[in-house]
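In my numbering, the protein residues as written are 502 to 993.
Glycine is no exception: its CB is placed at the ideal position from the N, C-alpha and C atoms.
Note that the coordinates shown come from a computational prediction; the quantities given were computed from them, not determined experimentally.
Structure first, commentary second.
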Ligand SMILES: [Zn+2]
């Protein structure tokens, strides 16, 4: 795809701005991931589908995207729920991490580059706290460590906090967890009996949630990176606190562009368990809804607008996808039979294609206007069906329409992929590894099997050699939580 500058609404400046990554064509992006204490619900997936569409759009625009989505597997909520369930924290969170990854797979999202878990990065968090303590941005109090908000004058810039509220620095009572100032927040929470805890030079305990994201984002993406994504409810205090912690340590700008996704409501009202309108993805799939109709619906509203999820809209989404797929099948069947020259009447279809192309790209470049882009796409679907009904299409134009629909679908993920899929399972030490990708030769399949086995046996030297060998044959590998995925170089 030819390059064009995307414009994104940056929460930091409250303006739509041209998006220019620090080191093009690389885009480094961090998306706050799930807290794995429950089955992810529709609102969670609205956000993750937005992250996926943005990821795919940036790739479609020619960027190489490094995307990190973290898993919060230790915080107040995970600890409380695991204790209530009487299950070990790692065992408890693993259950919901699986549910998250299963949902992503059902909804056809592309894998992120990394899915770091907080409990695997305690050392990085401890180091950040030590640096904050050494520079006076943090203080110890009764076994915990707090960030000293008064030491960071830019605090409140992202959330545009009211300066009146900001001025309060009066000493608060000891029962407010020993804070100097009520704005201060915990970087490290003192160990409590029966709770998971880690040793640290400033006392045994566990990290605060905000710190987790600063540690994991800077570890994988560097001290300044291009994009930070989250739900709109994370602007304050989570993202405000991430900025304070990170910039206080590095002295550099943390994130260049902040983007936030709006809420989801169901049938016009807030989703809540008490109203009986709270849906997890798994529940909707059990009711027989097509996961791609849900994907389409969740992607179809601009991300800064509230999305009203209704069952009528899911039905409409399902029929839109059917129309798109029917057109692809019909065009494939008819393209070879139709005249290959372009008689005069088909210029109408050619014009419709040009309009769709332009409308689609213009909409997406304008702060990822998915509603506008899908509008252009489906106008073309309708006009192409009509041209075929009227005998007003030629083979050349029809093939061009088909090519473009496949190109555009790299962003939506609604069409079956070109290549037939190959899937196999590898057994190792009682575990099963699933491998999936486009159909390949028997020689390549054997190499993929050998490499999966080498990895399972933790022979990383052999696994690396086989990865290189496959790369020379044009095959790229992704090791995802669901197993091994391969693809042809240059495809997504
Ligand atoms: Zn976060």
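Would you please state the rounded distance, in angstroms, between the beta carbons of residue 833 and residue 903? I believe it to be under 8 angstroms.
7 angstroms
Nearest to residue 534 (by Cα), restricted to the options 803, 719, 552, 777
552
Pull up the distance between the alpha-carbon of residue 632 and that of residue 858, whole angstroms please.
Using only the alpha carbons, I get a separation of about 51 angstroms.
Comparing the CB of residue 709 with every heavy atom of ligand 1, is any distance shorter than 7 angstroms?
no
On the DSSP letters alone, give me the boundaries of the alpha helix (DSSP H) that residue 968 sits inside.
961-973
Taking the alpha-carbon of residue 627 as reference, which of 979, 707, 660, 656 has the nearest alpha-carbon?
707
Apply the 10 Å Cβ neighbour rule to residue 788 and answer buried if 16 or more other Cβ atoms are within range, or exposed otherwise.
exposed
State the DSSP-derived secondary structure class of residue 542, mapped to helix, strand or coil.
strand
Over what stretch of residues does the alpha helix (DSSP H) that includes residue 852 continue unbroken?
848-866
Does residue 575 pass the burial test, meaning 16 or more other C-beta atoms within 10 Å, or should it be called exposed?
buried
I want to check one thing, is the minimum distance from the CB of residue 533 to the heavy atoms of ligand 1 below 7 angstroms?
yes
So, for residue 831: in the same chain, excluding its five sequence neighbours on each side, which residues have a beta-carbon less than 8 angstroms away from its beta-carbon?
The answer, listed in chain order, is 886, 889.
Separation of residue 874 from residue 862, as counted between CA atoms:
Between the C-alpha atoms of residue 862 and residue 874 there is a straight-line separation of about 7 angstroms.
Mind the definition here: the region 611-624 touches the region 560-569 only if three or more C-beta pairs lie below 8 angstroms; say whether that holds.
yes
So what does DSSP say about residue 807, is it helix, strand or coil?
Looking at residue 807 - three-state DSSP - the assignment turns out to be coil, as it is neither helix nor strand.
I want to check one thing, is the minimum distance from the CB of residue 731 to the heavy atoms of ligand 1 below 7 angstroms?
yes
Hey, residue 766 and residue 794: beta-carbon distance below 8 angstroms or not?
no
Determine the extent of the alpha helix (DSSP H) in which residue 933 is found, giving its start and end residues.
Segment 932-939 is the beta strand (DSSP E) holding residue 933; no alpha helix (DSSP H) there.
When the Cα atoms are used, what is the spatial distance from residue 593 to residue 652?
Separation of residue 593 and residue 652 (C-alpha to C-alpha, rounded to the nearest whole angstrom) is 38 angstroms.
Inter-residue Cα distance where the pair is residue 550 and residue 662
29 angstroms
So, under 8 angstroms CB-CB, residue 804 and residue 762 are touching, yes? Tell me the CB distance rounded to an integer number of Å.
5 angstroms
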